[in-house]
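The next block holds one structure in the form of structure tokens; read it before the comments.
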Amino acid sequence: MDTIIYFLLCMGYLILLFIGIHLAKHHGWKNSGNVLMLVILALIYDNGILALGKYVGEGDLLKTLNLVRYWLHAFFTPLLVLFAWNTLTKVNLPWTKTSMIQWLVVVFTLCLMLIELTTVVWGISLESSWKFGVLSYKEAGDTGGPPIMIISVSIILLITSIIVWWREKWPWYCVGVLFLGIIPIGHFLLKTGAFHNISEFILMMFLLTTKAHQDRISSSSR
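Under my numbering, residues 1437 to 1658 are what the sequence shown spells out, in order.
So this is what it looks like as structure tokens:
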């Protein structure tokens, strides 16, 4: 069952990627909101490896492919901070466009990458895991503490989504962020390990919808 879910998520992300490329072609590539496509690419890979795991089989190849998942997660997920900042620049908040804020956003994003690399990826030990019919390699033993990077990105997305809701009367950005925390609760209702991945897809869908919404407003105001 989970293998099918991961395959479907891959196809869904491919559709989101094509939509993102279409938006970039019409509204410009020089837009920090386009980092969303890099995150989507990483999630295509992530779900693809999970879907193909049992077909690749246990061994060094699958272990390496899963290790790449952790590296992509460390480098690309923090880019959502840049996306969040971009949404604020579109709601007429002058301070968000100052050079100081821009540098702070970039530095903070790089810091989150470094935190994830040093606390999770470097020296990571992976072990094979069969769960709900899916073969993957996961971090062995204690994770060593709370996921600082994920918590930080989630808080930033939540705060900026509330501001966008307030300024533009656009609730869907916030709805997507809330789904990220609510949907995994369904794990207790259905026997599947894919709820977190499903919530990530819903988040990406609403983030891309928000980008399309703001791009359309920006174009009409020119």
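Note that beta-carbon positions come from the ideal geometry of N, C-alpha and C, so glycine has one too.
Please read these numbers as outputs of a predicted model, since none were measured by experiment.
Grab me the residues of residue i's own chain with a C-beta within less than 7 angstroms of its C-beta, minus the 5 sequence neighbours each way, in chain order.
i, result
"lysine 1567", "Gly1629"
"phenylalanine 1544", "Val1517"
Using 8 angstroms for Cβ pairs, my map puts residue i next to residue j. What's the rounded Cβ distance?
i, j, result
"valine 1556", "alanine 1520", "Not quite, the Cβ-Cβ distance comes to about 21 angstroms (not below 8 angstroms), so this is no contact."
"isoleucine 1560", "tyrosine 1481", "The Cβ separation is near 17 angstroms, so there is no contact."
"leucine 1639", "glycine 1456", "Leucine 1639 to glycine 1456, Cβ: 14 angstroms. No contact."
"valine 1600", "threonine 1646", "7 angstroms"
"isoleucine 1476", "leucine 1445", "So it is not a contact: roughly 11 angstroms between Cβ atoms."
In the DSSP output, which residue or residues are listed as bridge partners for residue i?
i, result
"tryptophan 1566", "Leu1571"
By a C-beta neighbour count over all protein chains shown, 10 Å radius and 16 as the cutoff for buried, is residue i buried or exposed?
i, result
"leucine 1486", "buried"
"lysine 1466", "exposed"
"threonine 1523", "buried"
"asparagine 1502", "buried"
"phenylalanine 1631", "buried"
"phenylalanine 1454", "exposed"
"isoleucine 1634", "buried"
"methionine 1473", "buried"
"tryptophan 1606", "buried"
"isoleucine 1592", "buried"
"leucine 1497", "exposed"
"threonine 1525", "buried"
Can you tell me the Cα-Cα spacing of residue i and residue j, whole angstroms?
i, j, result
"leucine 1516", "lysine 1574", "24 angstroms"
"leucine 1508", "glycine 1495", "21 angstroms"
"phenylalanine 1443", "leucine 1616", "20 angstroms"
"leucine 1416", "cysteine 1547", "Since the first residue of the chain shown is 1437 and the last is 1658, residue 1416 is not available in this structure."
"methionine 1447", "aspartate 1438", "14 angstroms"
"lysine 1627", "isoleucine 1618", "16 angstroms"
"arginine 1603", "valine 1527", "6 angstroms"
"tryptophan 1558", "valine 1504", "12 angstroms"
"valine 1492", "valine 1541", "39 angstroms"
"glutamine 1538", "leucine 1550", "19 angstroms"
"asparagine 1483", "proline 1530", "38 angstroms"
"serine 1588", "leucine 1594", "10 angstroms"
Ordered along the chain, which non-local residues of its own chain (more than five positions away) have a Cβ less than 8 angstroms from that of residue i?
i, result
"isoleucine 1586", "Thr1513"
"histidine 1463", "Asp1651, Ser1654, Ser1655"
"glutamate 1636", "Leu1479, Leu1616"
"isoleucine 1441", "Thr1628, Ala1630, Asn1633, Ile1634"
Less than 6 angstroms between C-beta atoms, sequence neighbours within five positions excluded: which residues of the same chain meet that for residue i?
i, result
"leucine 1571", "Gly1489, Lys1490"
"serine 1597", "Tyr1609, Cys1610, Val1613"
"asparagine 1470", "Ala1460"
"aspartate 1563", "In the sequence on display, residue 1563 carries glutamate and not aspartate. Excluding sequence neighbours, glutamate 1563 sits near Ala1576."
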